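Participant:
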Amino acid sequence: MAGGEASASLSAIHRDGINIRPDKSAEEAGTREIHQRQQGIYFGRQGSLETGKAAAAAGGGGGGGFSPRGSKDRRSLSRKGKSMGPATETSGGYGVRKGDDFRMFRTKSSLHRQLSMLPTGKEGGADNQNGDAPTGGGGGGGGGGRGESINQSVPAGRYFAALRGPELNEVKESEDILLPKDELWPFLLRFPVNCFGICLGLGSQTILWSAMTSSPAISFLHISPFINTGIWLLALLLLAAASIAYALKAALYFEAVRREYFHPVRLNFFFAPWIAGMFLVSGAPPSLAPPSPHPAVWCALMAPVFFLEVKIYGQWLSGGKRRLCMVANPSSHLSVVGNFVGAGLAARVGWPEAAKFFWAVGIAHYMCVFVTLYQRLPTSETLPKELHPVYCMFIATPAAASLAWNAIYGEFDAVARTFYFIALFLYVSLIVRINFFRGFRFSVAWWSYTFPMTMVSVATIRYAEEVPTVITKGLALVLTFISSTIVLLLFVSTLLHGFVWGSLFPNDPAIAISRNKNCSSAGKRIAARGRTEAMPHIYDEVRRWAKLSLVPAAKGNTKNKSDDN
Amino acid sequence: MAGGEASASLSAIHRDGINIRPDKSAEEAGTREIHQRQQGIYFGRQGSLETGKAAAAAGGGGGGGFSPRGSKDRRSLSRKGKSMGPATETSGGYGVRKGDDFRMFRTKSSLHRQLSMLPTGKEGGADNQNGDAPTGGGGGGGGGGRGESINQSVPAGRYFAALRGPELNEVKESEDILLPKDELWPFLLRFPVNCFGICLGLGSQTILWSAMTSSPAISFLHISPFINTGIWLLALLLLAAASIAYALKAALYFEAVRREYFHPVRLNFFFAPWIAGMFLVSGAPPSLAPPSPHPAVWCALMAPVFFLEVKIYGQWLSGGKRRLCMVANPSSHLSVVGNFVGAGLAARVGWPEAAKFFWAVGIAHYMCVFVTLYQRLPTSETLPKELHPVYCMFIATPAAASLAWNAIYGEFDAVARTFYFIALFLYVSLIVRINFFRGFRFSVAWWSYTFPMTMVSVATIRYAEEVPTVITKGLALVLTFISSTIVLLLFVSTLLHGFVWGSLFPNDPAIAISRNKNCSSAGKRIAARGRTEAMPHIYDEVRRWAKLSLVPAAKGNTKNKSDDN
Amino acid sequence: MAGGEASASLSAIHRDGINIRPDKSAEEAGTREIHQRQQGIYFGRQGSLETGKAAAAAGGGGGGGFSPRGSKDRRSLSRKGKSMGPATETSGGYGVRKGDDFRMFRTKSSLHRQLSMLPTGKEGGADNQNGDAPTGGGGGGGGGGRGESINQSVPAGRYFAALRGPELNEVKESEDILLPKDELWPFLLRFPVNCFGICLGLGSQTILWSAMTSSPAISFLHISPFINTGIWLLALLLLAAASIAYALKAALYFEAVRREYFHPVRLNFFFAPWIAGMFLVSGAPPSLAPPSPHPAVWCALMAPVFFLEVKIYGQWLSGGKRRLCMVANPSSHLSVVGNFVGAGLAARVGWPEAAKFFWAVGIAHYMCVFVTLYQRLPTSETLPKELHPVYCMFIATPAAASLAWNAIYGEFDAVARTFYFIALFLYVSLIVRINFFRGFRFSVAWWSYTFPMTMVSVATIRYAEEVPTVITKGLALVLTFISSTIVLLLFVSTLLHGFVWGSLFPNDPAIAISRNKNCSSAGKRIAARGRTEAMPHIYDEVRRWAKLSLVPAAKGNTKNKSDDN
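Quick mapping for you: the protein sequence lines, in order, are chains A, B and C. Each residue of the first sequence is one higher than the one before, starting from 49 at the first, in the working numbering. Each residue of the second sequence is one higher than the one before, starting from 49 at the first, in the working numbering. Each residue of the third sequence is one higher than the one before, starting from 49 at the first, in the working numbering.
1. When the cut-off is 8 Å and only beta carbons count, does B:F268 lie next to chain A?
2. Is there at least one Cβ from chain B nearer than 8 Å to A:A376's Cβ?
3. Would you please state the rounded distance, in angstroms, between the beta carbons of A:G410 and A:A391? I believe it to be under 8 Å.
4. Just the C-alpha distance for B:G546 and B:N555, rounded to the nearest angstrom, thanks.
5. Please decide whether A:V358 counts as near chain C, where near means a Cβ-Cβ distance under 8 Å.
6. With respect to the alpha helix (DSSP H) encompassing C:K521, which residues constitute its N-terminal and C-terminal limits?
7. Do we get a CB-CB distance below 8 Å when we pair B:C416 with the residues of chain A?
8. Where B:E513 and B:L286 are concerned, what is the direct C-alpha to C-alpha distance, given to the nearest angstrom?
9. Would you check if there are 3 or more beta carbon pairs closer than 8 Å linking the stretch 289-309 of chain B to the stretch 268-277 of chain B?
10. Report yes if the CB atom of B:A524 is closer than 8 Å to the CB atom of B:I534, and no otherwise.
11. Using a Cβ-Cβ cutoff of less than 8 Å, which residues in the same chain neighbour A:V329 once the five nearest sequence positions on both sides are dropped?
12. Would B:V515 pass as an interface residue toward chain C - the criterion being a Cβ-Cβ separation below 8 Å?
13. From the beta carbon of A:F405, is the nearest beta carbon of chain C less than 8 Å away?
14. State the Cα-Cα distance for the pair B:M441 and C:M503, rounded to the nearest angstrom.
15. Measuring straight from C-alpha to C-alpha, what distance separates C:Y207 and B:L474?
16. In terms of residue numbering, what span does the alpha helix (DSSP H) encompassing A:S450 cover?
17. Assuming A:L315 and A:I561 form a contact by the criterion Cβ under 8 Å, report the distance between their Cβ atoms to the nearest whole angstrom.
18. Nearest chain A C-beta to C:T466 closer than 8 Å, yes or no?
19. Return the Cβ separation of C:F327 and C:T254 in integer angstroms, given the expectation that the two are a contact with Cβ distance under 8 Å.
20. According to DSSP, is C:H413 helix, strand or coil?
21. Can you name, in chain order, every residue of its own chain whose Cβ lies under 8 Å from the Cβ of C:S263, other than the five neighbours on each side?
22. Could you compute how far the alpha carbon of B:W549 sits from the alpha carbon of B:P321?
23. Going by beta carbon distance, what residues of the same chain come within less than 7 Å of C:F244, once the five residues before and after it are set aside?
24. Measure from the alpha carbon of C:A449 to the alpha carbon of each residue in C:C247, C:P437 and C:T466, then state which is nearest.
25. Could you confirm whether any beta carbon from chain C is found closer than 8 Å to the beta carbon of B:F460?
26. Would you please verify whether the beta carbon of B:R481 is less than 8 Å from any beta carbon of chain C?
27. Which residues of chain B have a Cβ atom closer than 9 Å to the Cβ of A:R314, listed in chain order?
28. Suppose the cutoff is 7 Å on Cβ atoms and the five residues either side in sequence are ignored; what does the same chain contact list for B:K380 look like?
29. State the DSSP-derived secondary structure class of C:W39, mapped to helix, strand or coil.
30. Find the nearest neighbour of C:K404 within the set C:T420, C:M501 and C:A452, judged by alpha-carbon distance.
31. Starting from C:N377, trace the alpha helix (DSSP H) in both directions and tell me its first and last residue.
32. Just to confirm before moving on: does the CB-CB distance between B:R371 and A:R424 stay below 8 Å?
33. Between which two residues does the alpha helix (DSSP H) carrying C:T427 extend?
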């Protein structure tokens, strides 16, 4: 189903990609450095060094210039009902831009790809110097066109500056995006990486039902193993579908994937498919899978996790804009929990030393993430002001650490219990704040918040095996019921949103932010093009810090609403 | 004794509460929204939305207006020897205000209480949204009257802004308080929650002497069990007296209790009575108590600790003004140490799993608090510039963690030793800085600093049981001697201050800060009432950060005195 | 060899010290408070309180004044090819200043030493109040002369403000230093404390080769024990030589040592000699040393470490400019790793309780340092923007913790493995960023980065003993090969730099920064002398914070180069 929609939109893109008309006025007034690489045509007649000045002059001259930036601004204005440029050109240019926009995210042609892959790199470490570095000079300061925005990776700071929300998935109002807001994008561009959260949620359910079926603590319920098999097959199907869809996205819209990879929150979701895979291997029903998986399976699933970790933890440590005190957010737990899930699976696979290795790596970085998140440093821009479902992530890591320790050392000893109880306390601490979890509209991201609860349920079942009292068994049942109910509700919601309302995959503006700040009004635009923009940023910064500090409440009565929960 | 004084002052309040005379001039010039709820009379003739403007106009008009703020300012001026208003009115208004002031903190009448309790909430979680939120609009920016200050809770920022000192118990000079500075307040208003520190200090002594009596390591001293019994009875008496007094305060001056509860430092002392109770249960002499207390006792004492924890840790995490990196201060250890004390008692009661639960919760949050305090983030406003007795709190938590682990697992193993040695090192680290502990005048808060030393002494006795050498026994004796001596000295000091000098309970300005910043001079007052006050705050913030950073020492020669200890 | 050069330069200093000619013009125009204490001559005719004003007036008057500051500025200008003052005076004054400069760092005469030692203190704790406090008033704000810079310790902020580089060993361009840049200083002034890094590197190699010789895991290689003996003798010789040289420096140039002690990075290297000594005791070949060293050896080596720790951890905690969130840098690991090395040696010596004590102290502070470094708080000024060899330090502490735990408890259990695997992961994490380690010119500091690798190698050998598989043995061999090769390469480099190129010990400007900020241009100098300098600092601060935050990349294309590794 997903594949069909994807291929349909794909062909649409191909169609759009063909009818390119060169824009005359753009050639006359400013410069144009749109990388129409598939055609191999370059329109840029003037040197790129003059881009900024020319664009500024054109902007000041009354909108006569038609630089890429100008055209975009005009488009945004026309969306607001005002038109500054000639209407005919606007509509004419619009048809051009429509295909143009989506093509920007298309994977480049083979030649260019080979060239551009060199500085971009795989996940390994080759792009160390180059990750955020704008490769082209860009000429006139802030005057680079839209084409540059695509060629070069978006710096980390832009994500923080342009996006908002606990998942950084909404665009601030002052920002303009590269893709049209008022039409539906191709399916693959709307398929975000956090869709793998669905696989996480269902995959953890397989572990839960597998434990429910086999655990002596819950054996009095006589749960049919077919439930587990059914969930497992469904989860496997969804994981396969999501993997194919995302692989297609990576193949066709590599730029969009790259932008998700540089997104401070989305980055953590790149762990999700591998973790979901490990969930599926762990929770496989005995009738369909061997009791002990082959180590090669573990290697195949853990290798990407390891490479991502080396990459991401290195980013935390080496201190750019992606340093830990900046990017720490509850979904950072996803980049830690993989260690514990992998450690648990390694123990099952029969590699205890590898399990201990990943457990050690996990605990070291969990400590950092936990303390950093608890401190809520004011430098961290992605932490939501109020509690939010994403805080469920807090529960996942200690529960997984507890389970992994249990799997490695074979007993639910003091260490396992300590982590389990930490998870339980955090669970209680979030449950009593349940009113924070209302009032958010459904999104695919909700799925990611179910797997922590499931992990706690599984850990509780293990704990109930160790301490088989009525209280522990009751707790296990209650937690299992809660997590399964939530997953069921989400599943129904997802089906409704996906097939009935068709609103499961809205446009994903987070990947379409422009590389540079676009000011909406013409006057500010001109000013911003000058070199004087350093000062306002300083004051912005000051204002941000001032807000964070202890301002007497007289200033605003509605601000500190969530202060005292 | 305390109860007698309390009831006396109580009747005085009732007397004052009756002779209310409406202040004519206040009705004429400004508005007055003093909530004289017990009489059910409202003098406010103009809408509260106009309060600010009217007061500003009045203030600008030359002091002729007599708004609540104006009257307060005038009173503060007259205290400074200058009088801006007519003297007759001032003296006339004074008599009114005297009773008025204290009544503001009185618990509201039953009808109002029911109404006001709804948004205020118990400790559970109902006041999540409302904790810091000013409920009334307040009108003209900074122009809310005094009545509003009472109805609405004081935002966290105000405590930091208006108070100073490591315990935030002194009012900054630029601040004005709601209650008269020059007369003695009712006893209950002067009875702060950190008086329970006395119970902590004496309660931990009972554990120490109980251990001294029973420990085989110290058995060669043949200490009479009657010492323990005597201390225990005294501690029990004091805990009962303090509990009754504070319960009376809660019943009669609920607003004052609420203000203490929102105070960033005092809040931690709400753990003290329960911890002291657990000390008493643990240290009960064998002749008076069963060897193993009933679990119900543990439940009764631990339930409030648990609820407070869920509340406070949630505040740390959910990130308002009470986030951990803001409020972390050595007394935060009090909110962690309860877990360990409770875990130890749970082990004695026979509930090892509950003990492990609280130990896990404690260790997770201890780690956060420890790292945060060691880092001394510049965002933390409550950390004293110099070392201070409050740093003794640092020792309490690892010592308690060590004892709890020992109680749970029955052996003083690697974990227990690690925590014990951490406590010991911190003890040494503070002892060598002994000159920092001189020169502070006595206050009740000193008591809180004795119980960490006692905890270390108890842990040392346990350690000496495990490693019975001359050195360890000598260390145990020395530490016991130190802590008992300090407690004895403090006890004598407290008796002297309480009964001879009568200065044990001075006025407690920390609970009487105004909700909004009051500027003392008329010119600043007018300016602050306008909307332009945002800018100065930004600069204040900048200045604060600039101060924290590395300013060349040429600027001030006396600043960095404590830099290099 | 080092001693010979040192004594030669020493005599040169004595020679210079004699031919002092009073500078007439300095006496006429400004004041001069150069502390020519050995001669007991004071030229200062005017009170020091007038220094600043007079100098400012002189500076404003066109360079005619010849205050110490003026003369220095002129010298720096003449170095830049411009001369503002009369050339004859410059040259005349130059001869004077040459001897003068070095004498400033000389240990004061006995009378003065006794006076000055009182506030300065040894390492114990006597200088708690006085560490950073400028003792003299200093008079005119920023106008203190050069003499004052020596009498008073340099505040911590100055080091951050004036120096740069990950080791804070380079002077910022805007800064002027007290000693002449264009001539070679006396050897002892060029002998920094981080030369003990050589001893660390070689000392850890002795442990490695001792383990290689004796470990059953590597016994198949049949390594000759003479390699270990040779390295051990060499390391012992170097440690003795470095100790003598540094002792001479402390005796002759006590002020230089004091300045290194207050240097935020260098301070950590004061741990190095003792750690190197413990390495040598641990790695002593069986033919030359008893199998179990005498506890007195351990006491002698561990006592200074303990005292330094109490001092430094107290500085972190007590919150001046040397608070942890400011000074944390990878070399802070040196101040933690001593605990673990000492714990391991204590276990060998037969004092397990002392070993556990230091292990506990180490783990508590390691946690703080680790989390703080991983967070990369923006307040930390010494963290290098990019990865750097100094990050190798990260590996040392967990490896040492693992080895110490193994030594204490006799088994390589879960705790030891956890720390070992953390070290291994960090090793991998740094190795894949190997391109960061290129392009740095050789310096003595490189040696410090070898011992972490060696520690990991030793831990790997222990681990291979526990888990004797081909993989672990191969890993042990590979890591051993890497670390030994790097040490060998460094040894050759050091020999070449030392004896062939003579560039091993360049001038060490880090100890010669002036106490106050010197502005280079005359106009700025005058402004800075006024009291108005507070404002620029605020803005500097704002700018620094603004830079750290998320500035849109449009501002500069070359800034965020290292953002994404």
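Ideal placement from N, C-alpha and C gives every residue a C-beta, glycine not left out. If you're wondering where the values come from, they're calculated on a predicted model, not measured in any experiment.
Facilitator: Quick look at the numbers:
1. Against the second sequence, residue 268 of chain B aligns to sequence position 220. Chain A contact via Cβ: absent.
2. As a working note, residue 376 of chain A is residue 328 in the first sequence. No, A:A376 lies away from the interface with chain B (no Cβ there is under 8 Å from its Cβ).
3. In the first sequence, counting from the first residue as 1, residue 410 of chain A sits at position 362. In the first sequence, counting from the first residue as 1, residue 391 of chain A sits at position 343. Rounded, the Cβ-Cβ distance is 7 Å, consistent with contact.
4. Residue 546 of chain B sits at position 498 when you count from the first residue of the second sequence. Residue 555 of chain B sits at position 507 when you count from the first residue of the second sequence. When rounded, the distance between both Cα atoms is 14 Å.
5. Position 310 of the first sequence, counted from the first residue, corresponds to residue 358 of chain A. It does; some Cβ of chain C falls within 8 Å.
6. The residue labelled residue 521 of chain C in the question sits at position 473 within the third sequence. Element bounds for C:K521: V518 to L543.
7. Here residue 416 of chain B corresponds to residue number 368 of the second sequence, with the count starting at 1. Interface residue, yes.
8. Against the second sequence, residue 513 of chain B aligns to sequence position 465. Against the second sequence, residue 286 of chain B aligns to sequence position 238. B:E513 and B:L286 have their C-alpha atoms spaced approximately 31 Å apart.
9. no
10. For the purposes of this step, residue 524 of chain B is identified with residue 476 of the second sequence, where counting begins at 1. For the purposes of this step, residue 534 of chain B is identified with residue 486 of the second sequence, where counting begins at 1. It is not a contact, given that the beta carbons lie outside the stated cut-off.
11. Locating residue 329 of chain A in the first sequence gives position 281, where the first residue counts as 1. Excluding the 5 residues flanking it on each side, A:V329 has same chain C-beta neighbours closer than 8 Å at A337, P341, V345, W346, L349 and L393, in chain order.
12. Looking up residue 515 of chain B in the second sequence gives position 467. B:V515 counts as touching chain C.
13. Within the first sequence, numbered from 1, the residue matching residue 405 of chain A stands at position 357. So, interface residue.
14. Locating residue 441 of chain B in the second sequence gives position 393, where the first residue counts as 1. Locating residue 503 of chain C in the third sequence gives position 455, where the first residue counts as 1. Taking the CA atoms as reference points, B:M441 sits about 36 Å from C:M503.
15. One-based indexing of the third sequence puts residue 207 of chain C at position 159. One-based indexing of the second sequence puts residue 474 of chain B at position 426. C:Y207 and B:L474: Cα-Cα distance of roughly 28 Å.
16. Position 402 of the first sequence, counted from the start, is the residue given in the question as residue 450 of chain A. Looking at the DSSP string, the run of the alpha helix (DSSP H) that includes A:S450 is M441 to Y457.
17. As a working mapping, residue 315 of chain A is identified with position 267 in the first sequence. As a working mapping, residue 561 of chain A is identified with position 513 in the first sequence. Not really, about 15 Å apart at Cβ, beyond 8 Å.
18. Taking the third sequence and counting its residues from 1, the one referred to as residue 466 of chain C is at position 418. It does; some Cβ of chain A falls within 8 Å.
19. Taking the third sequence and counting its residues from 1, the one referred to as residue 327 of chain C is at position 279. Taking the third sequence and counting its residues from 1, the one referred to as residue 254 of chain C is at position 206. 6 Å between Cβ atoms; contact.
20. As a position in the third sequence, residue 413 of chain C is number 365, starting the count at 1. Of the three classes helix, strand and coil, the one that applies to C:H413 here is helix, per DSSP.
21. Residue numbering aside, residue 263 of chain C sits at position 215 when the third sequence is read from its first letter. Taken in chain order, the residues that qualify are I509, R510, A512 and E513.
22. The residue given as residue 549 of chain B occupies position 501 in the second sequence. The residue given as residue 321 of chain B occupies position 273 in the second sequence. Annotation: B:W549 to B:P321 spans about 26 Å, alpha carbon to alpha carbon.
23. On the third sequence, position 196 is the one that residue 244 of chain C refers to. Closer than 7 Å at Cβ, skipping near neighbours: A290, F317, A320, P321 and A324.
24. Stepping through the third sequence from its first residue, residue 449 of chain C is reached at position 401. When each option's Cα is compared against that of C:A449, the closest is C:T466.
25. Stepping through the second sequence from its first residue, residue 460 of chain B is reached at position 412. At a cut-off of 8 Å between C-beta atoms, B:F460 does not count as an interface residue with respect to chain C.
26. Along the second sequence, read from residue 1 onward, the residue named residue 481 of chain B stands at position 433. At least one chain C Cβ lies under 8 Å of B:R481.
27. Sequence index remark: in the first sequence, residue 314 of chain A carries index 266 (1-based). In chain order: nothing, as chain B lies at least about 22 Å away.
28. Stepping through the second sequence from its first residue, residue 380 of chain B is reached at position 332. The question names Lys, yet the displayed sequence has Ser at residue 380 of chain B. The answer, listed in chain order, is N316 and V417.
29. The shown model of chain C, from 49 to 613, leaves out residue 39 of chain C, and the question about it has no answer.
30. Here residue 404 of chain C is taken as the residue at index 356 of the third sequence, counted from 1. C:K404 has its Cα closest to that of C:A452, out of C:T420, C:M501 and C:A452.
31. Within the third sequence, residue 377 of chain C is the residue found at index 329, counting from 1. For C:N377, no alpha helix (DSSP H) run applies, since DSSP gives it neither H nor E.
32. In the second sequence, residue 371 of chain B corresponds to position 323, counting from 1. In the first sequence, residue 424 of chain A corresponds to position 376, counting from 1. Yes, these two residues count as a Cβ contact at 8 Å.
33. Here residue 427 of chain C refers to the residue found at position 379 of the third sequence. Neither: C:T427 is in no alpha helix (DSSP H) and is coded neither H nor E.
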